[in-house]
Structure formats: C-alpha cells, structure tokens
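Just so you know, the numbering used here puts the end of the sequence shown at 57, numbered straight through with nothing missing. We put the CB at the ideal spot given by N, CA and C, even for glycine. These notes are about the structure you will find just below.
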Amino acid sequence: MLIVTLLGLTSLIIGLAIGWPILVALSIIFVIVQVIMTIAKYAVKYNDDRLIERSKDTN
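This is the structure in structure tokens:
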C-alpha cells in the first residue's frame, strides 16, 4: 500500500512538472484515498488487538 501511495505522489509531481491539471487532480484524489485506507487499516488492526486482549482478560 505504501508503494502505491508513493507512485501516486510521483504521478502528482510529474503532473505538476509537465503541467497536466487532470493528472494532478486525479493524483491528489488517489493519494488522499490511499492515506485514508492506510489509516483505516491500522485502526482496524488496533481495534482487533484490543478485542483480543479483552477476550484474554475475560477467560
């Protein structure tokens, strides 16, 4: 997921360098979505770890 985000950032920089506003806009949207997905992934992992710890405490 990190590699794909870096590719999106690279597309953004290339779009800015060559002056393609559509590429820039799509790259910005793509990078924002990737960052949100990464945050959600870690939030789910954190929540799963908490539930595992809670279930160990009750047993």
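Report task. Give the secondary structure of methionine 35 by DSSP, where H, G and I count as helix, E and B as strand, and everything else as coil. Result -> Note: methionine 35 maps to helix in three-state DSSP.
Query raised in the report: Smallest Cα separation from isoleucine 12: which of Ile50, Ile26, Leu0 and Ile1?
Result: Isoleucine 12 has its Cα closest to that of Ile26, out of Ile50, Ile26, Leu0 and Ile1.
Requested in this report: Using beta-carbon positions only, say whether valine 22 and leucine 14 come within less than 8 Å of one another.
Outcome: Contact: yes.
Report task. Quick one: grab the DSSP three-state call for glycine 17. Result -> The answer is coil: DSSP assigns glycine 17 none of H, G, I, E or B.
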